[in-house]
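Worksheet: one structure, shown below.
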Amino acid sequence: MTHAQGPAPSGFDKTRSTSPIPEAFANLRERLAGGDLATVTVLGPTSDASWRAHPIPATRFLAAVHTSSAVVLPPAHLLRPSGPRQQQAKQFEASHLAVDLSTLRAATWSPGTAVALADACTSKGRVHPESPRHLLERLIARLEAYGVRVTVAVETQLRLTGAASPDDSGLDAVLVHLCSLLRHADLPVESISTAPSLHAPDRNGQLVTATFAHRDPLTACDNHVLHHLAATIHSEYHGLHTESASTDRLTLHLTLTAPGQTTNALIDMAHAGLQGEIGNIAANLTGRAPFLTHITEPDENARRTTEPAGSTVVKINSSADVITLTFSAATGVHEATVAALTGITAGIRHRHSYAATTAAPLPAQPLRLPGT
């Protein structure tokens, strides 16, 4: 079964507002103050690439934002379901969260609730240097300094157990409703499809694959986290259990644009950088979550990195207009995108450095005659 949500919009539609009260917050403020929305669920990062959900009373949230203070959050449940492969989540040493008001929206899948994402910070509001959204913003700025803009389309898999049968119209209705809820929360899904899960036939498992439209990297990652939260809550409401397995995948489709540069040249630079950084990418991600290399075969005309047998490195495919990286579903989407942009930045920086070196005039040498 496949549901399409129309053509994918392109470009950079995320605006990080510098106003104390962005439009998103202004639109919800009356609902929060009036009691229509009683709770704000703030999603904060943990050190193992998962997100922790912190429900906060609306009055407390309004007071914290009004005074521009960091929000001190009590312990709460993990967003991602635990399992034998899931490590115990650890919070950042900082016990405060700086809420990004541009991510605030009504949680259409949870009546009476709004939702927003946050960065780990100190009690004085200083963002933790390892906060994934902060790392991503720094890499985006670095690429923009080279005149390069990147968009990301996230494709993810989610395993549902408890569905009656592969052809049951009940699951179909659940996913149609979920797509509607996401669309009304400004989280449109480009396409969503289901197939019987071969890894849980005794439990009538269903593998759901969702694809999102190209967005700027931070928006794409933030939307993916909110989609996961919505899918988890909505599925549980209908008696379905969500889980991820080591065989599931998280796929990033990246496009690059820059004035005066052909797409193919940018892809070449980025691909070379990713190949050069693949060892560092593996080392950085392996400590947080496992990820895979061999998920699907590349397109006939695509290029692929050469990988030693049994290596735990990300799979990289690239064609003339897109780079595709495949991770396991257990890898955090912000962390995966940080790894991807790190490699791409390295390739572009190397090419710029090389061009600057070759373009520089050679130093003048004094004329030396033989024997002098």
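For the sequence shown, position 288 (counting from the first letter as 1) is numbered 293 according to this note's numbering, and the numbering increases by one without interruption. Every residue gets a Cβ at the ideal spot worked out from N, C-alpha and C, and that includes glycine. From a predicted model like this one, the values you see are computed outputs, not experimental measurements.
List the endpoints of the continuous beta strand (DSSP E) containing residue i.
i    : result
L140 : That residue, L140, is in no beta strand (DSSP E); its alpha helix (DSSP H) goes 137-150.
E160 : 154-166
R254 : 254-262
T44  : 44-50
L102 : 101-104
P60  : 56-62
A215 : 211-216
S323 : 320-323
L330 : 328-333
T108 : Careful: T108 lies outside any beta strand (DSSP E) and carries neither H nor E.
V120 : 118-126
A201 : Here residue 201 is Pro; the residue named in the question, Ala, does not match the sequence. Segment 196-201, the beta strand (DSSP E) holding P201.
Mind reading off the beta-carbon distance from residue i to residue j? Whole number of angstroms is fine, and I expect it under 8 Å.
i    : j    : result
L165 : S240 : 6 Å
G278 : H355 : 7 Å
Along the chain, where does the alpha helix (DSSP H) containing residue i start, and where does it finish?
i    : result
E241 : 222-242
To the nearest angstrom, report how far apart residue i and residue j are at their CA atoms.
i    : j    : result
I110 : T44  : Residue identity check: residue 110 is Arg in the sequence provided, not Ile. Distance between the alpha carbons of R110 and T44 is about 12 Å.
I272 : V104 : 35 Å
F106 : G152 : In the sequence under discussion, the amino acid at residue 106 is Leu, which differs from the Phe named in the question. Computed Cα separation, rounded: 27 Å.
Y242 : A112 : 14 Å
L223 : L261 : 15 Å
Q3   : G337 : With the chain covering only 6 through 377, there is no way to say anything about residue 3.
P134 : T127 : 11 Å
Q162 : D177 : 16 Å
Q266 : H182 : 43 Å
P60  : P264 : 44 Å
G281 : T156 : 22 Å
A215 : V194 : 7 Å
V327 : L234 : 28 Å
A190 : I349 : 32 Å
G117 : T64  : 13 Å
E149 : N228 : 22 Å
T46  : A158 : 25 Å
H219 : S324 : 17 Å
L42  : P62  : 9 Å
R254 : S333 : 4 Å
I353 : T268 : 13 Å
T347 : S115 : 36 Å
L48  : V132 : 15 Å
R188 : R154 : 26 Å
F217 : A270 : 26 Å
H276 : L259 : 11 Å
Q101 : T108 : As written in the sequence, residue 101 is His, which differs from the Gln given in the question. Roughly 18 Å separates the two Cα atoms.
P345 : K129 : Here the sequence assigns Ala to residue 345, which means Pro is not the residue at that position. Those two C-alpha atoms are separated by around 31 Å.
N322 : T329 : 5 Å
M274 : G40  : 53 Å
L122 : D221 : 16 Å
Tell me which same chain residues have a C-beta within less than 7 Å of the C-beta of residue i, skipping the five on either side of it?
i    : result
L231 : V120, L192
V343 : P137, L140, L141, L144
C226 : L141, V338, H339, T342
A351 : G278, G281, E282
CB-CB under 6 Å to residue i, same chain, minus the five flanking residues each way: which ones, in chain order?
i    : result
L374 : Residue placement at L374 is poorly supported in this model, since its pLDDT is 35, which falls under 50; the coordinates still yield a value, given next. Excluding sequence neighbours, L374 sits near nothing in its chain.
T256 : E160, T331
T237 : T247
Q91  : Low confidence applies to Q91: its pLDDT is 39, below 50, so where it sits in the model is not reliable enough to give any reading.
Please work out which residues of its chain come closer than 8 Å, Cβ to Cβ, to residue i, disregarding the five sequence neighbours upstream and downstream, and give them in chain order.
i    : result
A146 : none
S136 : P50, F97, D124, A125, C126
D207 : Here D207 scores only 47 on pLDDT, less than 50, and its place in the model should not be relied on; the value that follows carries that caveat. Nothing listed; no residue qualifies.
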